[in-house]
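Quick notes on the structure that follows.
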Amino acid sequence: MLCQACIGFLQALQKQVTQKLRSAEKDEWVPHKYHSSYTGFKNAIMLPCAICKKSWSKLRTCREFATDATTLNFISTANWCIPPSHATTGEVEIALEFWSGADFIMRDMFALKPAGWKLELGPVKDTRKARNTGEESLAKLSRFWVDKCQREHKLCQPWHARRQPTRLVYIDRSSDILRLCEGDEIPKDESYVSLSHCWGKLPNKIILTQANISKWRKQLPPLKPMQTFIDAIDFTRKLGISYIWIDSLCIIQDSEADWRKESTLMSEVYLNALVNITASWAADDSKGCYVDRDPEIVLSVSLLFKRGAMEAIALADEDTNIISLQAAENEPILEGQYRLQWLNMWHDEVLGAPVSSRGWIVQERFLAPRLLYFTQGQLCFECCEMQASESYPGGFQDHGLPYFGFAKFQPSLAGVCHDSRSLGTELVNEPDSIKQAMKVWAAAVHTYSAADLTFGKDKLVAISGVAKELAPSMHCRYLAGHWEHDLERQLGWRGTDDRSKRPIEYRAPSWAWTSVDGCIRYFLDLYQEGCVHHSLVEIQSVRVTPLSVENPFGQITGGVLKLRGQLISIEVQELDHDRWSTKQKILVDGVQTKLIMQSDQPIEPEALASRLFAVPLEVITGKTLDFGALVLEEMTFGSRQFRRIGWIGMMGPFTLFEELGHTWSEEDFDNDPLLKHFGKAETGENGIWEYASQEARQLYNLEIY
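So the number in the working numbering is just where the residue sits in the sequence shown, counting from 1, plus 461.
Below, the structure written as structure tokens:
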């Protein structure tokens, strides 16, 4: 069922979309009036309107939507467009926007797709009445997804020797008894489930210790405070599986030795699991996996656009909504059956869920061949070849819509998973395998560095499983979050926000991104098509000392990078920590440079040592122009031993830099007191930047710790 506001908007779209397809401005958004009052919107929800109920499930959680003034000044608009990439597919993107007066609250995104996209229901009809995500019908749907993946998906098949984890929890299917089992007691072909969850700050956590491990081998205690564990075990039983791995129940939490050993095996635990259950919505282990929900929000919306007066039509799909428009026979209008895909659902309920803020979830999601997400509204599934939900059980139609981050279209976590499987099964011997592996790693680093870790010392450990799996494709040493191949390119990392900081405790050398807490723009454009990288330094050697020689991907105790490069003294007089600010004053030989400095952590200019240096690192030419230098602090006067404190260069794309108030020309490479040390870049034909040969410069042997 649809409300009059949605019907009116869709009728307008039905008439206008064919005209838009013939116009040159297909990608321009077309606005239309929508609900003009909060009362009207609430009445539509009570109807219930299938579209408005979906938007309401998101709107009611917005902080901005919490005051009487918001509802009093409620305004909404419905907008649609045809992106150029969809001009031949007949797809339309829809944006429902909600405002409080002039203040924007939220945007809900949908895609209107032709009925050529078949909705594969499988066993999902049973879930349409499920008011809780723990019902048996959801387990039936999950088995359908897992079985389909095992049968049909090439990239999801194991390509490595399988072994059981050190310990697993055994689920007696004939009783409620649980006990801890040793992995070597379990047949290798016996399936198990793994769990991803938020520990939270519960006062009485149930954890495995040296004192209780003997008792647990006979029987685990009641898990009542830990509802997430109870639900995960219950669902594992419904899947017909007898074993589950839960970190706090299978790793001895008060044994540093056991933790160190198990952390090196973490990648195998998730890789070998049949499926990983993710308690997405739960902020701590008392919340559980299951949630009561409104099943009507889960239903997909089917639309039949037709010409003429409204009339009853017998349709196979009982939930199809009819959009009818009075129009002349020769007047072109949208006709046929369409599906309305809710684009925000995956982003909000999976990627934006509490568990996704955990640093550990990155490698858990990366490594697990299949994942079941228990979200706030519905059950979702992901593997290397498909993302699906109760609303779209046959999988989302992956036409590259930007709101999902599908594997084939951008370096999202799904893309990381997809590309990793490709690397592991097909591309190991390809010449470009390193470049593809580096792209995967860069995407993982970008997502991982934005997440939270309870213990900073786990920075390297919590992503070590990803590094371990990519290592065979890299064909080089792993160095505290970097790779030896093309290391000079990787040194140009910088933060993306103003909250980055370095911990007091040593974790990694200052030249490594792992030495900083905060979201890192690593080297996403390291091998950007149409661009050429020109290195201005020469790496002589690099050494990293692991805490354990058996685990080169884990914690380290030290590291030093030796390189040859220029050493240019700089003086910082003013420094604004806004990442995009130009309110700085940095002098070279008494003259201010136009380059912008970004410190690795907030620091006042007066607290900076007087011995600061810039080391020109790189110039990137081609379709765009970029350049940058390391900012180093000398540890002891005249020692030539340094630590990195930041970066100076062009912050962001060339065009954006100009918008911030800086204009650039070829003359800047001659006149700017710092940029002139980078060599010479010139614009050639068609505005393509080219790098001229650099004049001989004095180089120094530098050690960076």
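Note that beta-carbon positions come from the ideal geometry of N, C-alpha and C, so glycine has one too. All of these numbers come straight from a predicted model, not from anything done at the bench.
Report yes if the C-beta distance between Leu921 and Gln1016 is below 7 Å; otherwise report no.
Taking C-beta atoms as the reference points, Leu921 and Gln1016 count as a pair closer than 7 Å.
Between the C-alpha atoms of His493 and Ile555, what's the straight-line distance to the nearest angstrom?
Cα to Cα, His493 sits roughly 11 Å from Ile555.
Can you confirm whether the region 806-814 touches the region 831-842 when touching is taken to mean that 3 or more C-beta pairs between the two stretches lie within less than 8 Å?
At 8 Å Cβ cutoff, the stretches touch.
_Candidates Asn805, Cys464, Asn593, of which the one nearest Thr435 by Cα_ = Nothing in the structure corresponds to residue 435, since the chain is present only between 462 and 1166.
Cutoff 6 Å; reference Thr594; Cβ partners in own chain excluding five residues on either side
Excluding sequence positions up to five before and after Thr594, its CB lies within less than 6 Å of the CB of Tyr751, Val752, Phe835, Leu840, all in the same chain and listed in chain order.
> Which term fits Thr975, buried or exposed, when burial requires 16 or more other beta carbons within 10 angstroms of its beta carbon?
Replying inline: With 16 or more Cβ atoms within 10 Å of its Cβ, Thr975 is classed as buried.
- Query: Under the three-state reduction of DSSP, which class applies to Ser1154: helix, strand or coil?
  - Reply: In the three-state reduction of the DSSP assignment, Ser1154 falls in the coil class, being assigned neither a helical nor a strand state.
- Of the listed residues Pro1077, Ser657, Leu573, nearest to Ala693 (C-alpha basis): Looking at Pro1077, Ser657, Leu573, the one whose alpha-carbon comes closest to that of Ala693 is Ser657.
Next item on the list: Counting only the same chain and skipping the five closest in sequence on each side, list residues whose C-beta sits under 6 Å from that of Tyr1166.
Entry: These residues qualify, in order along the chain: Pro970, Val1021, Arg1104.
Burial state of Ala672 (16 or more Cβ within 10 Å):
By the neighbour-count rule (16 or more Cβ atoms within 10 Å), Ala672 is not buried but exposed.
Can you tell me which of Trp720, Ile712, Gly749, Val607 puts its alpha carbon nearest to the alpha carbon of Gly701? The residue with the shortest Cα to Cα distance from Gly701 is Val607.
Quick check on Lys494: does DSSP put it in helix, strand or coil?
Looking at Lys494 - three-state DSSP - the assignment turns out to be strand.
Whole-angstrom distance between Ile1109 and Leu1093, CA atom to CA atom: One C-alpha to the other measures close to 10 Å.
Would you give the residue range spanned by the alpha helix (DSSP H) that Asn733 belongs to? Taken as a continuous stretch (DSSP letters only), the alpha helix (DSSP H) holding Asn733 covers 727-733.
Quick test of the definition: if touching needs 3 or more C-beta pairs under 8 Å, does the region 659-676 touch the region 558-567? No, they do not touch.
- Task: Grab the span of the alpha helix (DSSP H) containing Lys1046 for me, first residue to last.
- Result: DSSP places Lys1046 in no alpha helix (DSSP H) but in the uninterrupted beta strand (DSSP E) bounded by 1046-1049.
Point to revise | Burial state of Phe535, where buried means 16 or more other Cβ atoms lie within 10 Å | key: Buried: at least 16 other Cβ atoms inside 10 Å.
Asn737 in three-state terms, based on DSSP: The three-state secondary structure of Asn737, taken from DSSP, is strand.
Q: To the nearest angstrom, report how far apart Leu760 and Asp913 are at their CA atoms.
A: Each residue's CA atom was taken as its position, placing Leu760 and Asp913 some 34 Å apart.
**Q.** Unbroken stretches of the beta strand (DSSP E), 3 residues or longer, contained in the region 928-1004
**A.** Correct list: 992-996.
Check your understanding: Which runs of the beta strand (DSSP E), 3 residues or longer, sit entirely within the region 554-642?
Key -> Fully enclosed beta strand (DSSP E) runs of 3 or longer: 564-575, 628-632.
- Message: On the CB-based measure, 16 or more other CB atoms within 10 Å of its CB, does Val823 come out buried or exposed?
- Response: Under this definition Val823 is a buried residue.
Got a sec? Which residues, its chain only, sit under 7 Å from Asp715 by beta carbon, not counting five neighbours each side?
Cβ neighbours of Asp715 beyond the five flanking positions: Thr670, Gln671.
Name, in chain order, the residues that DSSP records as bridge partners for Asn665. DSSP lists no bridge partner for Asn665.
Problem - Counted within 10 angstroms of its Cβ, other Cβ atoms place Glu846 as buried (16 or more) or exposed - result: By the 10 Å Cβ count, Glu846 comes out buried.
His946 versus Val1005: straight-line alpha-carbon distance, rounded:
C-alpha separation (whole angstroms): 15 Å.
Check whether the region 1025-1034 touches the region 1068-1083, counting contact only when three or more Cβ pairs, one atom from each stretch, lie closer than 8 Å. Counting Cβ pairs under 8 Å, three or more are found: they touch.
Nonlocal neighbours in the same chain, by C-beta distance under 6 Å from Arg568, ignoring five residues either side:
These residues qualify, in order along the chain: Ala556, Glu558.
| Quick one: does the C-beta of Phe559 sit closer than 6 Å to a heavy atom of the ligand ATP? | Among the components of this structure there are no ligands whatsoever, and the ligand ATP is therefore not found.
| field | Beta-carbon proximity list for Lys1084, same chain, < 7 Å, skipping 5 on both sides | value | Within the same chain, Lys1084 has close Cβ partners Gly991, Cys992, Ile1149.
If you draw a straight line from the C-alpha of Asn728 to the C-alpha of Asp1133, how long is it?
Before going on, a small fix: residue 728 reads as Ser here, not Asn. Cα to Cα, Ser728 sits roughly 49 Å from Asp1133.
**OP:** Would you list the one or two residues that DSSP bridges to Ile536?
**Re:** Partner(s): Trp560.
| By Cβ distance below 6 Å, which residues in the same chain neighbour Leu474 in space, the five residues on each side in sequence not counted? | Only Trp541 meet the Cβ criterion.
| request: Pull up the CB-CB distance for Glu1151 and Thr1082, whole angstroms please, since I reckon it's below 8 Å. | output: That belief holds up - the Cβ atoms of Glu1151 and Thr1082 are roughly 6 Å apart, short of 8 Å.
Quiz item: Should Glu825 go down as buried or exposed, given a rule of 16 or more other Cβ atoms within 10 Å for buried?
Solution: Buried.
Just to check my reading of the structure: Leu832 and Val901 have Cβ atoms closer than 8 Å, yes? What is that Cβ distance to the nearest angstrom?
Contact between Leu832 and Val901 does not hold, since their C-beta atoms are separated by about 18 Å, which reaches or exceeds 8 Å.
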